[in-house]
Amino acid sequence: MSRPSVHEALIYLMVITSASDSDMTDAELSRIGEVVRSWPVFEDFDAEKLIGVAQDCQKRLHGPGGLEAVLEAVAVALPDRLGDTAYAAAFEVAAADLEMRLEEVRVLQLIRRALDLDTLVVAAIAQAAKARLRTLS
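The sequence shown lines up with residues 1 to 137 when you count with my numbering.
Written as structure tokens, this is what we have:
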């Protein structure tokens with residue numbers, strides 16, 4: 001299979017995170033759409049292609065090498081300077097339904113390793129997401 005574009009790689013990580021527990025919730029799908037529509041990294045991406053990219057990711061997950069092959073392709077496609085952005089996008093999806101399942105935590109660990117992210121960067125992203133999503137109750 002061909003190497004994904006940078007936009008596709010970012011979307012793949014969000015899809016992988018959402019699908020990790022075999023239950024892509026409405027909150028997670030909505031968050032993927034919000035990220036694609038509002039984050040500057042996606043400003044020149046055609047949001048109409050989102051569903052097709054997500055379906056391509058699913059095909060790759062069921063193809064040779066499965067998750068490991070997809071993570072390798074993503075790591076090659078993403079410039080180092082976007083590693084934290086990619087992890088933040090995946091974390092947004094994992095946190096979208098306000099609970100982090102074990103499968104999502106495991107996928108985030110795999111993403112962190114594949115992108116060779118610093119532990120402090122990962123902790124800062126997690127803390128920022130928690131602060132942003134905190135409610136009064």
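Heads up, the beta-carbon is just placed ideally off N, CA and C, and yes, glycines get one too.
On the premise that residue j lies in contact with residue i, defined as a C-beta separation below 8 angstroms, what is that separation, rounded to the nearest angstrom?
i, j, result
"Ala114", "Val74", "7 angstroms"
"Asp97", "Glu28", "6 angstroms"
Within the continuous alpha helix (DSSP H) that includes residue i, where are the two ends?
i, result
"Ser18", "Val6 to Ala19"
"Leu82", "Counting along the chain, Leu82 falls outside any alpha helix (DSSP H), and DSSP gives it neither H nor E."
"Arg134", "Arg134 -> no alpha helix (DSSP H), and no H or E assigned at all."
"Leu115", "That residue, Leu115, is in no alpha helix (DSSP H); it is neither H nor E in DSSP."
"Gly63", "Careful: Gly63 lies outside any alpha helix (DSSP H) and carries neither H nor E."
With distance defined between alpha-carbon atoms, name the residue in the options nearest to residue i.
i, options, result
"Gly66", "Tyr12, Ala128, Arg132 and Lys130", "Tyr12"
"Leu102", "Thr17, Asp118 and Arg60", "Thr17"
"Gln109", "Ala86, Ser38, Val35 and Ile51", "Ala86"
"Asp80", "Arg112, Leu61 and Val105", "Arg112"
Indicate the three-state DSSP secondary structure (helix, strand or coil) for residue i in the structure shown.
i, result
"Ala47", "helix"
"Ser30", "helix"
"Asp97", "coil"
"Asp23", "coil"
Exercise. Report yes or no: do three or more beta-carbon pairs, one from the segment 40-60 and one from the segment 2-11, lie closer than 8 angstroms?
Key: Verdict: yes, contact present.
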